[in-house]
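Take a look at the structure set out below.
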Amino acid sequence: MFPLPVAGCLMVHTSRTDGPMDIKHCDFEEPLVEIQQRIDELGSFSTTEGVDFSAEIAKLKGRSETMLGEIYSRLTPWQIVQVARHPQRPYFLDYIRMMSDDFEELHGDRLFGDDKAIVTGFATIAGVRMAVIGQQKGRDVKENITRNFGMPRPEGYRKALRIMDLAARFNLPIVTFIDTPGAYPGLDAEERGQGEAIARNLREMALYEVPIVVVVIGEGGSGGALAIGVGDRVLMMQNSIYSVISPEGCASILWRDATKAEDAANALRMTAGDLVGLGVVDEIVPEPVGGAHREPMQTAMTLKEAILRSLAELQKQPKQRLVERRLEKIRRIGPVLDQ
Amino acid sequence: MAWFSKPKYTVLASSKKEQQSRNLWTKCDGCGETIYNKEWEENLRVCPKCGHHQRISASDRILLLMDEGTFREEDAYLRTTDPLAFSDSKGPYREKITVTIAKTGLRESVIAGSGRIEGIPVEIAAMDFEFLGGSLGSVAGEKICRTIDRAIRHKRAVIITSCSGGARMHEGIVSLMQMAKTSAWLGKLKAAGLPFISILTHPTTGGVTASYASIGDIIVAEPGALIGFAGARVIEQTIRQKLPEGFQTAEFLVERGFVDLIVPRKEMKSRIAKLLRYLGCKA
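Structural data, given as structure tokens:
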């Protein structure tokens with residue numbers, strides 16, 4: 002259905018998630034593991050003993066699905082953190098592969114190097130040309146070393162800025178995909194001005210005269226996420242998170258105990274629902290029962306529709322009005338009392 | 060403090076903590092030397108022995124920079140709505156704010172207003188570390204944006220003196236968004252053709268470094284100031300090695316090209332005024 006030769010992906014291999022696979026269960030999915038074990042037992046019994054357990058197996062499968070639905074209908078913030086960080090969750094390039102007709106990766110910041118924790122390029126989605134920017138995590142140790150666990154360095158943010166500048170000059174809408182634990186806190190990143198790189202992006206993104214759609218697809222880790230996150234429309238996948246600090250980091254500072262991360266996750270209001278309430282997020286993109294990693298293609302199609310709908314709405318607005326509205330929206334976040 | 064007499068017509072609240080700690084002698088945090096207070100104050104709290112610049116309050120910073128009697132505070136009574144209804148192990152954020160106000164005599168981490176530097180009208184926002192580590196929350200963000208709004212309205216330069224641990228965790232995502240908000244407004248200031256001078260003092264870190272502090276048209280730092288995005292401990296944990304001596308200091312950032320110049324406190328006012336004149340600001 003979707004042509005797959007994606008130039009950038011061939012150069013740096015990133016595993017796909019759109020095929021069938023064994024789902025790794027989160028801690029809170031423990032009851033499902035037990036049912037699955039019994040299904041497997043009955044299955045092997047059927048073959049070795051020649052007894053037909055298909056009715057029981059079907060019943061157990063039904064129970065498993067109901068239970069999955071129940072678990073996912075009342076996820077706690079801390080459980081959502083687990084889903085957002087799930088190792089099989091679709092990443093930026095997975096979505097691009099599943100959603101786009103074409104993708105041409107563009108490399109480098111023209112100043113220092115090519116940061117593979119941020120992937121940038123041109124994409125065509127359902128015939129619409131656009132610039133896409135996304136943070137990219139790896140699936141295994143090797144990939145994660147290449148992608149630096151999705152933690153960009155200044156050259157990544159400067160590459161993103163270069164591509165967004167291009168988009169603004171040549172009238173392409175910009176779609177960014179946020180999925181990072183945070184900007185890389187390393188010696189080299191500091192030396193090359195991590196703070197300056199993030200800050201400059203915030204200032205420039207606010208004023209581009211093309212539509213900008215931001216999607217939080219997994220982890221929205223603080224300034225490192227925001228640096229590609231200023232836009233006209235902010236979408237957030239149902240089981241993703243977005244916060245000023247990780248729950249672990251917050252717990253170790255404010256609770257002085259990193260094991261209190263669950264308390265911090267509750268207090269920080271980092272889920273999609275919370276962020277809509279705070280005026281930061283405009284739309285929640287629903288995920289299939291059990292999370293995006295269980296049905297990547299279905300998730301991608303839902304997201305594709307949401308992105309195209311947002312872009313179509315934004316394209317109708319005159320450029321000046323677009324920027325005015327973007328600024329008004331940013332300004333309204335965090336109302337204050339005047340006594 | 061001895062090095063300026065507090066003029067009647069300013070509306071600055073001096074830090075209570077400072078008032079209480081007026082002893083006869085002060086121990087320098089840099090070299091440990093004991094210095095007679097009168098000398099300490101006359102030297103603008105810079106150690107005469109080692110040159111260490113001790114942290115000063117936002118109000119002292121403003122009085123240091125502004126012509127006497129010209130500063131008028133704006134938006135002094137803005138207060139946070141506690142957008143997350145946040146509580147940690149020590150209790151609700153709301154109570155923390157109330158206690159901090161009582162303890163410090165400050166109302167928020169930023170004092171903003173209008174004034175003159177050697178006759179040049181400017182809009183200024185100064186951060187105070189005593190108020191929750193100078194953290195950037197909704198009030199600080201809004202005050203800075205209003206400072207920029209006034210500058211655009213009156214065609215003036217903006218000066219922000221930073222002194223902060225970063226974004227205020229108690230306001231979660233809302234504090235993160237203040238980084239976008241203040242940087243966006245600096246974009247508007249830039250488009251209006253008006254200058255922004257960013258003054259970095261010890262310490263300037265985290266979300267403040269990753270927003271307005273780092274995008275001044277001119278960036279000035281005090282000697283020895285700690286300036287960086289990630290905390291030293293976090294970096295050491297990440298790279299599993301000790302950081303080199305002098306890493307993330309003002310001097311380091313000048314070497315790496317991220318700070319224009321280092322100016323000692325005593326010369327700060329005259330050098331800023333000179334820079335403003337080069338940028339076309341007139342008295």
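Residue numbers (the numbering used here), protein chains in the order written: chain A, 2 to 340; chain B, 60 to 342. Where a beta carbon is used, it is the ideal one built from N, C-alpha and C, also for glycine.
Q) Leaving out five residues before and five after A190/A in sequence, what residues of the same chain have Cβ atoms less than 8 angstroms from its Cβ? A) Short of 8 angstroms from the beta carbon of A190/A, and not among the five residues preceding or following it, lie these beta carbons of its own chain, in chain order: R154, P155, A184.
Q.
Give me the residue from T140/B, S197/B, K149/B with the minimum Cα distance to S168/B.
A. S197/B
**Q.** Neighbour flag for R201/A against chain B, beta carbons, 8 angstroms
**A.** yes
Q) Count the other CB atoms within 10 Å of the CB of M327/B; is the residue buried (16 or more) or exposed (fewer)? A) buried
Q) Name the chain B residues that come within less than 8 angstroms of M271/A, Cβ to Cβ? A) Chain-ordered, the chain B residues with CB closer than 8 angstroms to the CB of M271/A read G231, I232.
Q. Among T272/A, S311/A, T48/A, R130/A, which has the Cα closest to the Cα of Q80/A?
A. The candidate whose alpha carbon is nearest that of Q80/A is T272/A.
Q: Assign D147/B to one of two classes, buried (16 or more other C-beta atoms within 10 Å of its C-beta) or exposed (fewer than that).
A: buried
Q: Would you mind listing the beta strand (DSSP E) stretches within the segment 63-139 of chain A that are 3+ residues and don't spill past its ends, in chain order?
A: Entirely contained in the segment 63-139 of chain A, the beta strand (DSSP E) runs reaching 3 residues are, in chain order, 103-107, 119-126, 129-136.
Q: Identify whether C222/B lies in helix, strand or coil by the three-state DSSP scheme.
A: The DSSP-derived three-state label of C222/B is strand.
Q. What are the start and end residues of the beta strand (DSSP E) that includes L236/A?
A. For L236/A, the enclosing beta strand (DSSP E) covers residues 234-238.
Q) Is there a Cβ from chain B that is less than 8 angstroms from the Cβ of I146/A? A) Interface residue (Cβ-Cβ distance to chain B less than 8 angstroms): I146/A is not classified as such.
Q. Should R204/A be flagged as near chain B, meaning a C-beta pair shorter than 8 angstroms?
A. It does: the Cβ of R204/A has a partner Cβ on chain B nearer than 8 angstroms.
Q) What in chain B is Cβ-close to R90/A, meaning under 9 angstroms? A) What R90/A touches in chain B: nothing, since even the nearest Cβ is about 21 angstroms away.
Q. For Y271/B, which residues in chain A fall below 8 angstroms Cβ to Cβ?
A. Listed along the chain, the chain A residues whose CB falls inside 8 angstroms of the CB of Y271/B are A200.
Q) S173/B touches chain A at which residues, Cβ-Cβ below 8 angstroms? A) By Cβ distance, chain A contributes nothing, its closest Cβ being about 18 angstroms from S173/B, past 8 angstroms.
Q) So with Cβ pairs under 8 angstroms, would you call V52/A a contact of chain B? A) no
**Q.** Contact with chain A by D276/B, beta-carbon distance below 8 angstroms
**A.** no
Q: Select from S118/B, G290/B, I331/B the residue whose C-alpha is nearest the C-alpha of L165/B.
A: Residue S118/B is the option with its Cα nearest to L165/B.
**Q.** Beta-carbon proximity list for T303/A, same chain, < 7 angstroms, skipping 5 on both sides
**A.** For T303/A, where only same-chain residues beyond five positions count, the Cβ hits under 7 angstroms are V286, P287.
Q.
Check whether the segment 84-96 of chain A and the segment 231-251 of chain A touch, using three or more Cβ-Cβ pairs below 8 angstroms as the test.
A. yes
Q) Relative to the C-alpha of R138/B, which residue among E230/B, A185/B, I94/B is closest? A) E230/B
Q.
Nearest by alpha-carbon distance to T297/B: which of H294/A, V133/A, R39/A, L188/A is it?
A. L188/A
Q: Give me the Cα-Cα distance between E263/A and R330/B, rounded to the nearest whole angstrom.
A: 50 angstroms
(Q) Strictly by DSSP, which residues pair up with I255/A? (A) Correcting the residue identity first, residue 255/A is Leu in this sequence and not Ile. Bridge partners of L255/A: none, in fact.
Q) Considering only residues of the same chain and omitting the five flanking positions on each side of I121/B, which have a CB-CB separation below 6 angstroms? A) F130, A185, listed in sequence order.
Q. Per DSSP, what kind of secondary structure is H229/B in: helix, strand or coil?
A. helix
(Q) Taking a contact to mean a Cβ-Cβ separation below 8 angstroms, would you say G132/B touches I170/B in this structure? (A) According to the sequence as given, residue 132/B is Glu; it is not Gly. Yes. Within cutoff.
Q) Taking 8 angstroms as the CB-CB cut-off, is A309/B touching chain A? A) Chain A places no beta carbon closer than 8 angstroms to that of A309/B, leaving this residue out of the contacts.
(Q) For V52/A and P88/A, what's the separation of their Cα atoms in angstroms? (A) 37 angstroms
Q.
Measuring only the C-alpha atoms, how far is K160/A from Q37/A?
A. 46 angstroms
**Q.** Contact set for Q79/B: own chain, Cβ-Cβ below 7 angstroms, skip 5 residues either direction
**A.** Per-residue confidence for Q79/B stands at a pLDDT of 46, beneath the threshold of 50, marking its modelled position as unreliable; no derived number is given.
Q) Does the segment 224-234 of chain A touch the segment 193-200 of chain A, meaning 3 or more C-beta pairs lie closer than 8 angstroms? A) yes
Q: Please determine, among R148/A, D28/A, P336/A, G157/A, the residue with the shortest C-alpha to C-alpha distance to I229/A.
A: G157/A
(Q) Cutting at 6 angstroms between CB atoms, please list the residues of its own chain near N267/A, excluding the five before and the five after it. (A) P78
Q: Within 10 angstroms of the Cβ of K341/B, are there 16 or more other Cβ atoms? Answer buried if so, exposed if not.
A: exposed
Q. Would you call D28/A buried or exposed, if buried means 16 or more other Cβ atoms sit within 10 Å of its Cβ?
A. exposed
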